[in-house]
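Start counting the sequence shown at 663; every next residue gets the next number (our numbering).
Backbone N, C-alpha and C fix where the C-beta goes; we use that ideal spot for every residue, glycine too.
No experiment lies behind these values; they were computed from the predicted model shown.
Please read the structure below before turning to the comments.
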Amino acid sequence: MAILNQANALLSSTQESAVVRTGVVTSTSATSLTVIVSGTQIDASFIRGSGILVGDLVAVVRQDASWLCLGALAGFGPNDIFNPSFEVQGQLVATVPQGWVLTNVTGTSTVDVVSTPFAPDGNLVAQINPAASARECILNSVPIPVTPGDTYAVSGFFAGLNPTSTAVVDASLRVFFATTDTTAYASGSDTLVASGTDIPNAPPFLFLSGNVTVPATMLFMRFGFRCVMPINGGMQLDFAVARKVG
């Protein structure tokens, strides 16, 4: 009778390699984390005592269908944007969200905080409302103190509110640097980080991201969601991140 060596059988079997990725923590619970990895939301367990916070950049590892968060990456700062997912009010509001400023480039836009099941983070998003005219606007953050030479990773999510089934609204992720915290966001003097054209309706939201380095003499930075909308077009925005990475 042949004897089966189970240990050797396990060692010789082909196993799928573990996959390691990095992502941003969007919510925590007593037993799991929600992490955005390249625009995809995953649920991960974590090691007890890790002290992981919302906004942390973390390393996660996948084995088969399970994800485990290994911990926050050292040297990477927290998210510096106040009210990044427009949840601070805790209710739907027909006004510019706290911690943000609406800058009209052409025409006049309005913004509400609305609920959607497709929000990348939380339940609420900022919505640039459709209107009977073509418009362009920038929803920009309040100033963030920065140091010349530092590098920031910035990212955000966009979804179109298109007037027909054909996507026609455009978006870009931008930052504006200034020497004082009283300098208003100036269209045309900002820095393009990433852009997208013909943004479809959710789901999913389009994820845009990139890195910027603070220029010499500049002490403040504003994060900007730029929206270009034809007649009856609008945009939904969520989960802005500005994180010092170098």
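{"Query": "If I follow the unbroken beta strand (DSSP E) through E798, where does it start and stop?", "Result": "R797 to S803"}
{"Query": "Could you tell me whether the segment 867 to 885 touches the segment 835 to 851, where touching means 3 or more Cβ pairs closer than 8 Å?", "Result": "yes"}
{"Query": "Counting along the chain, where does the beta strand (DSSP E) carrying S689 start and finish?", "Result": "V681 to T690"}
{"Query": "Give the straight-line distance between the Cα atoms of D742 and V903, rounded to the nearest whole angstrom.", "Result": "7 Å"}
{"Query": "Sort out for me which residues DSSP pairs N741 with in a bridge.", "Result": "R905"}
{"Query": "For V830, which residues of its own chain have a beta-carbon under 7 Å away from its beta-carbon, when the five flanking residues on both sides are left out?", "Result": "N824, D860, P892 and G895"}
{"Query": "Have a look at N766 and A794 and give me their C-alpha separation to the nearest angstrom.", "Result": "16 Å"}
{"Query": "Assign I709 to one of three DSSP states: helix, strand, or coil.", "Result": "coil"}
{"Query": "If you pair each beta-carbon of the segment 808 to 822 with each one of the segment 861 to 874, do three or more pairs fall below 8 Å?", "Result": "yes"}
{"Query": "Nearest CA to the CA of A692: which residue from S712, V686 and A734?", "Result": "S712"}
{"Query": "So, helix, strand or coil for S771, using DSSP?", "Result": "coil"}
{"Query": "Could you have a look at Y660 and say whether DSSP puts it in helix, strand or coil?", "Result": "Residue 660 lies beyond the stretch modelled for the chain, which goes from 663 to 908, so this question has no answer here."}
{"Query": "CB R724 to CB A680, shorter than 8 Å?", "Result": "yes"}
{"Query": "On a Cα-Cα basis, can you pick out the residue from V787, I704, S707 and F708 that is closest to E749?", "Result": "V787"}
{"Query": "As a quick exercise: from V804, A821 and R836, pick the residue whose alpha carbon is nearest that of Q760.", "Result": "V804"}
{"Query": "Once the 5 residues before and after A734 are set aside, which same chain residues still bring their CB inside 6 Å of it?", "Result": "I714, D718 and V720"}
{"Query": "Rounding to the nearest angstrom, what Cα-Cα distance links S689 and P865 in this structure?", "Result": "20 Å"}
{"Query": "Where do the N-terminal and C-terminal ends of the beta strand (DSSP E) with N824 fall, by residue?", "Result": "Counting along the chain, N824 falls outside any beta strand (DSSP E), and DSSP gives it neither H nor E."}
{"Query": "List the endpoints of the continuous beta strand (DSSP E) containing V723.", "Result": "L719 to Q725"}
{"Query": "Buried or exposed: where does D726 fall if 16 or more other Cβ atoms within 10 Å of its Cβ makes it buried?", "Result": "exposed"}
{"Query": "Measuring only the C-alpha atoms, how far is P792 from M897?", "Result": "8 Å"}
{"Query": "Below 7 Å, is the gap between the Cβ of T778 and the nearest heavy atom of the ligand NAP?", "Result": "With respect to the ligand NAP, the structure shown offers nothing to examine, as it has no ligands at all."}
{"Query": "I need the boundaries of the beta strand (DSSP E) containing T696, first residue and last residue.", "Result": "L695 to V699"}
{"Query": "Quick check: what's the CA-CA separation for L695 versus W762?", "Result": "27 Å"}
{"Query": "Rounded to a whole number of angstroms, what is the C-alpha to C-alpha distance between V687 and V775?", "Result": "22 Å"}
{"Query": "Figure out for me which residue from P746, T702, S728 and T875 has the closest Cα to the Cα of V855.", "Result": "T875"}
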